[in-house]
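Notes follow the structure.
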Amino acid sequence: GRAWHLAARPHGWPTAEDVALREVPVTAPGEGRILVRNLHFSVDPYMRGRMNDVKSYVPPYQLDQPMDGGAVGEVVASNAEGFAVGDHVLHGLGWREYADVDARHATKVDASLAPLSTYLGVLGMPGLTAYAGLFETASFKEGDAVFVSGAAGAVGSQVGQMAKIKGASRVIGSAGSDEKVKLLVEEYGFDAAFNYKNGPVAEQLRQAAPDGIDVYFDNVGGDHLEAAISSLNVHGRATLCGAIAQYNDTEPAPGPRNLVLVVGKRLRLQGILVGDHTALQPRFVQDVSGWIRSGELKYAETVVQGIENGFDAFLGLLRGDNTGKMIVSLAH
Ligand code: NDP
Numbered sequence: 040g041r042a043w044h045l046a047a048r049p050h051g052w053p054t055a056e057d058v059a060l061r062e063v064p065v066t067a068p069g070e071g072r073i074l075v076r077n078l079h080f081s082v083d084p085y086m087r088g089r090m091n092d093v094k095s096y097v098p099p100y101q102l103d104q105p106m107d108g109g110a111v112g113e114v115v116a117s118n119a120e121g122f123a124v125g126d127h128v129l130h131g132l133g134w135r136e137y138a139d140v141d142a143r144h145a146t147k148v149d150a151s152l153a154p155l156s157t158y159l160g161v162l163g164m165p166g167l168t169a170y171a172g173l174f175e176t177a178s179f180k181e182g183d184a185v186f187v188s189g190a191a192g193a194v195g196s197q198v199g200q201m202a203k204i205k206g207a208s209r210v211i212g213s214a215g216s217d218e219k220v221k222l223l224v225e226e227y228g229f230d231a232a233f234n235y236k237n238g239p240v241a242e243q244l245r246q247a248a249p250d251g252i253d254v255y256f257d258n259v260g261g262d263h264l265e266a267a268i269s270s271l272n273v274h275g276r277a278t279l280c281g282a283i284a285q286y287n288d289t290e291p292a293p294g295p296r297n298l299v300l301v302v303g304k305r306l307r308l309q310g311i312l313v314g315d316h317t318a319l320q321p322r323f324v325q326d327v328s329g330w331i332r333s334g335e336l337k338y339a340e341t342v343v344q345g346i347e348n349g350f351d352a353f354l355g356l357l358r359g360d361n362t363g364k365m366i367v368s369l370a371h
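In our numbering, the protein residues as written are 40 to 371.
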């Protein structure tokens, strides 16, 4: 089977020279292991960080080794109790056609309950990030006005809708195209949205939220974070979830120039790592599957077909080609 390898560490935007799709042997699973034919794998923004050789909360990808990440697939050989050929599993060895998985790191998923790709998106890691980052990290409460950046993406689209479902007074989103803005307002029920490419974020946010915001969910960093600090009301909270505007920077980006406002407004800016919030998983799955069934919560996926297009899908994600979760599908 083929697997995407990291061939060189990117400087700035990754290029085709930094990766290589290489053939690797497929072997029978050892004791306690399963062989999985991947059907879908995830490309996520955090993977850009793993291409750098820096210490972080996940170890960097190793040169000339397959890259990894979330995937769902079908068990084609099992040497582990509790797993049978034909079972569908969620696991951490994406970016490849066949995965030799330690069964302790595989979770069975039910294709009859939800499409398999949703376990990588709305019912998976990005969905839980939205849920935990809004309800736990930002201490969202009914009546709050919420601003979310990256609002048409996997995490952001869920944050905005979850806030509406739970009684936000106003939900504002920003995204990188007029079509995405239209989707947010017309399909996802956002009260206002703007295209950050059409003008300064601070100005557009002030217009969209004349009475300020109580919660900011930051997926972008940079000018978005600075604008949000200006618009946050007294005792406002911000969840710092990501800073995708900076992931390909070659120099550290300047911080928000208005950070001193945190003092007078007694703001709380708090980071989140989704891995800290696994205890929420059962409640998250119950709430979100219910909201999907009732039609209150919508989601989108942008599916790129074929492993050979996996790296382009990743670049597309960083560029904003996706609406909702970016998925690479290998299903034949
Ligand atoms: P998305 O589905 O939101 O895809 C990334 C999006 O980022 C693109 O679609 C693009 O949309 C937007 N983008 C790219 N460049 C810029 C830019 N310069 N300025 C503004 N927007 C930009 O990805 P996810 O939902 O998976 O992730 C969203 C954020 O959440 C990321 O920052 C990610 O790192 C973070 N994250 C953090 C987790 C945690 O535990 N802390 C877990 C999961 C995700 P557009 O067209 O709008 O520009």
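Note that beta-carbon positions come from the ideal geometry of N, C-alpha and C, so glycine has one too.
DSSP lists Val185, Arg276 as the beta-bridge partner residues of Val254. Within the same chain, and ignoring the five residues on either side of His316 in sequence, the residues whose Cβ sits closer than 7 Å to its Cβ are Leu167, Ala171, Glu175. In the displayed model, Thr157 falls within a helix according to three-state DSSP. In this structure, Val210 lies away from Ala169, with their beta-carbon atoms at least 9 Å apart. Distance from the C-beta of Gly261 to the nearest heavy atom of the ligand NDP is below 8 Å. Counting along the chain, the unbroken beta strand (DSSP E) around Lys364 starts and ends at 364 to 368. Per DSSP, reduced to three states, the secondary structure at Lys304 is helical. With a cut-off of 8 Å on Cβ pairs, the region 324 to 333 is not in contact with the region 355 to 363, counting fewer than three such pairs. CA-CA distance, Gly206 to Ala184, rounds to 9 Å.
Residue range 41 to 45 is occupied by the beta strand (DSSP E) that includes Trp43. Straight-line spacing of the CA atoms in Ala145 and Ala110 works out to 10 Å.
Ranking Leu354, Gly349, Gly363 by CA distance to the CA of Leu369 puts Gly349 first. Each of Tyr100, Val301, Ile252, Tyr158 was checked against the Cα of Val324, and the nearest Cα belongs to Tyr158.
In this structure, Val259 sits away from Tyr227, with a CB-CB distance that is not shorter than 9 Å. In the same chain as Asn287, and ignoring 5 residues on each side of it, the C-beta atoms closer than 6 Å to its own belong to Gly51, Trp52, in chain order.
Asp139 and Arg41 have their C-alpha atoms spaced approximately 13 Å apart. Nearest to Asp351 by alpha-carbon distance, out of Asp83, Arg76, Ala232, Asn77, is Asp83.
Rounded to the nearest angstrom, the Cβ distance from Ala248 to Ala232 is 11 Å, too far for a contact under 8 Å. Cβ contact annotation for Val273 (same chain, cutoff 7 Å, sequence separation greater than five): Lys304, Arg305, in chain order.
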